[in-house]
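Below: the structure, in structure tokens.
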Amino acid sequence: MPADDKTVAFATYPNEMEAQMVAQILRENGVGAYVKPLGFGYGGVGMIQFIPHQVLVYEHNVASAREIIGHGETYIDDEVELDGQDL
50 MPADDKTVAF ATYPNEMEAQ MVAQILRENG VGAYVKPLGF GYGGVGMIQF
100 IPHQVLVYEH NVASAREIIG HGETYIDDEV ELDGQDL
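First residue of the sequence shown: 50, per the working numbering; consecutive thereafter.
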């Protein structure tokens, strides 16, 4: 990984659980992934797991992440479905 490689937003999900599941799938396939809450973030307001969260990946891993997950878009208020399975 280049020293100047930065993280980029790969996808946005309506809650922390969905974002964590996608991040875990990416990690299991060798792509470093991180989850970041949007809005007030951690500690801002009560139950942050129910606010949108972004999945971040290193810029050089975006293509690999798209191959693994099959998208790289924003999914808010929509169900994410891969090969007939809801995430």
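Ideal Cβ placement from N, Cα and C applies to all residues, glycine included. Keep in mind that this is a model prediction, so the values were computed, not measured.
Whole-angstrom distance between ILE118 and LEU75, CA atom to CA atom: Taking the Cα positions, LEU75 is about 8 Å away from ILE118.
Cβ-Cβ separation, VAL84 to ALA58 (assumed contact under 8 Å), whole Å: Not a contact, Cβ separation roughly 11 Å.
LEU105 lies in the beta strand (DSSP E); which residues open and close that run? 102 to 107
Environment of GLU77 [buried if 16+ CB atoms lie within 10 Å]: Exposed, because fewer than 16 other Cβ atoms sit within 10 Å of the Cβ of GLU77.
Do the CB positions of ALA114 and VAL80 come within less than 7 Å of each other? Yes, they are a contact pair.
Looking only at its chain, what residues have a beta carbon closer than 6 Å to the beta carbon of ALA72, apart from the 5 residues adjacent to it on each side? ALA82, VAL84 and VAL104
C-alpha gap between HIS102 and MET66, whole angstroms: Here the alpha carbons of MET66 and HIS102 stand approximately 9 Å from one another.
CA-CA distance, PHE99 and GLY88? Their Cα atoms are separated by approximately 11 Å.
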